[in-house]
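Below: the structure, in C-alpha cells.
In our numbering, the protein residues as written are 5 to 553.
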C-alpha cells in the first residue's frame, strides 16, 4: 500500500475512510461511493482502490500533484484527443483516476494502453451525480466546518442583483453574508472577480468551504444554466431557490429554449438538491410553469412574485412609482411572519434606491428570499432604503448635466427592459450604446440591434467582447434587416472607447445615455487577450474630457 506523508491540513485520506465517516449533509455520497467501490471491485485494480491514500481531488490535469486523484470529465466539445492527453498527463502523478469517459472510447483500437498508466483507472460514468459531495467530504475530513445556508438564483437576467440584495439584507441584520457569481466571489465588500458565473465543481466546493471557514452564515449564489446542466452545483446545500426569467441567451450551448428552461428547472429538483425548502418564482415569466411544476413535484414551499396586481402571487408590487432616484412601491402579500398565524393580506410601503421597473421584480425576489430565511417583512422594509445596486447594473455615473448609465444588459429582453425603464424619465433623447459578444449565439445579434432601435431614439453599435471574431463581422450581423429609417438613427463605431466618447459629445443636457452589455466587467477580450476596459471608468474619462463632470 502506498504511504503518503503530509501536513495535518493535507493529510491523506482514502475513499473507504470517507465512506465510513458518512455525511448527513451529502446524502447522495454514501450510496454513490458504495457503488463506485463495488465497481472498482469488479476491475483488475480490485478493492484496493478503496484503501489507496490520496491528497487532493483535481479536475485539471495540469494541477495534479503526487498522490492526487484526477477526475476526467467529458469535454463539452467531445474532443477525444484532448481528453486522452489529459488522462496520460495525469497518470504519471495520480494515486488513481476516476473517468466519466469510457477509457476504451479514448483510443483508436479501443484498448487501454496499460503500460502507459502507472495508476489504477476506474470508469465512473455517473461521477457528476456525487462529485461535489465527494469533494466537500474530502475538504471537511481534516477540519469539519458548518456550511452556510445557501440561496441560489437562476434565470437569464437579474441573478447578480438579486444575489447581492439577499446578501445585503441578511448582512444588515447582523448575519455574515457572502456572494458567488458574475460580479465576483467572496464576502460583501471584498469580492474577487471570477471567470465564470458558476465555476467547476471543485471551484464551487472549495469556495463554499472557504466561506464556512470564514464563518459566513448566508451564501447567495448565481446558478447558471451551464452550471446546472453540467451539475457543477451538486452537493451545495441550497435551501432557497429563485427563478427570475428566461429570454434568448446561450443558444450556442442549449439546443433550444425548451432545453434552456429544463436546465434552469434542475435547481428546483429536490433529487438534485435534497436541502431545498423554498422555491421563489416570477410568475410574470412565460416559462414560470416549468419551474412551478418541478418545485411542486419536489414538495417545496412555493412562493411567487409579480408586478401585475391582477395575478394571485404571494408577493405583488402595486402602486409602482419609479424615478431616477429609485422607486416607491406598495408590497402586497399574505405571507405571515415567522412565529405568527396571521395570513390576512398585508400592504407594506417600501422605498428602494434601485433604478428601473425591472429592479422592482428583483427586489421582490430578494425580499421573498429574506422572508424564507426568517426575516420579518417589516424589518426588511426598513432595511431596503440602505440597499445598493450591483456594480454595472443600472449604475449612474456622475455628470454635471445629462444622465449616463452603465448596465450589463446583453440580451434583447434585458436591453428592452432597461430602455423602457428609462424612457419614462427622459425629457430629451434616449441613447443606447452596445454591441454583441463574439464566439456566441450569432442569431441574437440582429435581435439586439432591433431591441435597441425599438427602445432608444439614437443607437450606437460598437464592439463588446469580440473574442476571436472580427468586430466588423459582428456589427454586420447586427445590422441584418435594418431599414433605411433605422440606419438614420444609428451610428456605427467599432472601437468601444470612441463610441462612448461620441455619445458623451453628442448627447444633449436633457438626454439619457445607456452604455450596455459589459456592466461590471473590467476588461475587453480580443483574440484570447483581456485588455483593461471598464465602461464606467472610460465613461468618467470621456465626461471629464468633455467638461461634463
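Glycine residues also receive a C-beta, built at the ideal position from the N, C-alpha and C atoms.
Would you mind sorting residue 157 into buried or exposed? The rule is 16 or more other CB atoms within 10 Å of its CB. Classification for residue 157: buried.
So what's residue 211 in DSSP terms, helix, strand or just coil? DSSP, read as helix, strand or coil, puts residue 211 in helix.
Given this structure, state the Cα-to-Cα distance separating residue 530 from residue 472, to the nearest angstrom. The straight-line gap from Cα to Cα measures roughly 6 Å.
Closer than 6 Å by C-beta to residue 274: which residues in its own chain qualify, once you throw out the five before and the five after it? Chain order, please. Closer than 6 Å at the Cβ level, and outside the excluded window around residue 274, lie 280 and 302.
How many angstroms separate the CA atom of residue 539 from the CA atom of residue 400? The alpha-carbon separation between residue 539 and residue 400 amounts to approximately 12 Å.
Measure the CB-CB distance between residue 243 and residue 155 and report whether it falls below 8 Å. Yes, they are a contact pair.
Expressed to the nearest angstrom, what Euclidean distance is found between the alpha-carbon atoms of residue 511 and residue 502? Approximately 14 Å between the Cα atoms of the pair.
If you follow the alpha helix (DSSP H) that residue 300 is in, where does it begin and where does it stop? 292–301 is the extent of the alpha helix (DSSP H) around residue 300.
Which one or two residues does DSSP pair with residue 223 in a beta bridge? The partner list for residue 223 (beta bridge, DSSP) reads 154 and 182.
Own chain residues within Cβ distance below 8 Å of residue 312, not counting five before or after: Cβ contact annotation for residue 312 (same chain, cutoff 8 Å, sequence separation greater than five): 288 and 320, in chain order.
Just checking, does the region 485–496 make contact with the region 514–524 on the three C-beta pairs under 8 Å criterion? Contact between the region 485–496 and the region 514–524 is absent, because fewer than three Cβ pairs lie under 8 Å.
To which residues of the same chain is residue 134 closer than 6 Å at the C-beta, ignoring the five residues directly before and after it? So the list reads 32, 33 and 36, once near-sequence residues are dropped.
Would a C-beta distance cut-off of 8 Å place residue 121 and residue 103 closer than the cut-off? Result no, Cβ atoms of residue 121 and residue 103 do not sit closer than 8 Å.
Would you call residue 87 buried or exposed, if buried means 16 or more other Cβ atoms sit within 10 Å of its Cβ? Under this definition residue 87 is a buried residue.
Best match in 543, 129, 93 and 98 for proximity to residue 109 [C-alpha to C-alpha]: It is 129.
With burial defined as no fewer than 16 other Cβ atoms inside 10 Å of the residue's Cβ, what is the status of residue 407: buried or exposed? With 16 or more Cβ atoms within 10 Å of its Cβ, residue 407 is classed as buried.
According to DSSP, which residues form a beta bridge with residue 527? Under the DSSP definition of a beta bridge, residue 527 partners with 536.
Have a look at residue 231 and residue 418 and give me their C-alpha separation to the nearest angstrom. Each residue's Cα considered, the two are about 21 Å apart.
What first and last residue would you give for the beta strand (DSSP E) that runs through residue 425? That residue, residue 425, is in no beta strand (DSSP E); its alpha helix (DSSP H) goes 416–427.
Within 8 Å, strictly: CB atoms of residue 143 and residue 390: Not a contact, by the Cβ cut-off of 8 Å.
Counting along the chain, where does the alpha helix (DSSP H) carrying residue 84 start and finish? Taken as a continuous stretch (DSSP letters only), the alpha helix (DSSP H) holding residue 84 covers 84–95.
Residues in its own chain within less than 8 Å of residue 209 by CB, not counting five upstream and five downstream? Within the same chain, residue 209 has close Cβ partners 136, 139, 140, 143, 239 and 240.
Taking the CB atoms as reference points, tell me whether residue 247 and residue 222 lie closer together than 8 Å. Contact: no.
Could you tell me whether the Cβ atoms of residue 169 and residue 385 are closer together than 8 Å? Cβ distance not < 8 Å, so residue 169 and residue 385 don't count as in contact.
Any idea which residues DSSP pairs residue 351 with across the strands? Residue 351 is bridged by DSSP to 336.
Own chain, CB closer than 7 Å to residue 431, minus 5 neighbours either side, in chain order: In its chain, beyond the 5 residues on either side, 514 have a beta carbon closer than 7 Å to the beta carbon of residue 431.
Spatially closest choice to residue 336 from 308, 207, 357 and 229, by CA coordinates: The shortest Cα separation from residue 336 among 308, 207, 357 and 229 belongs to 308.
Taking the straight line between their C-alpha atoms, what separation do you get for residue 497 and residue 469? Between the alpha carbons of residue 497 and residue 469 lies a gap of roughly 14 Å.
Pick from 327, 394 and 462 that is closest to residue 425, judged by C-alpha positions: Residue 425 has its Cα closest to that of 327, out of 327, 394 and 462.
Buried or exposed (CB count within 10 angstroms, at least 16 for buried), residue 297: Classification for residue 297: exposed.
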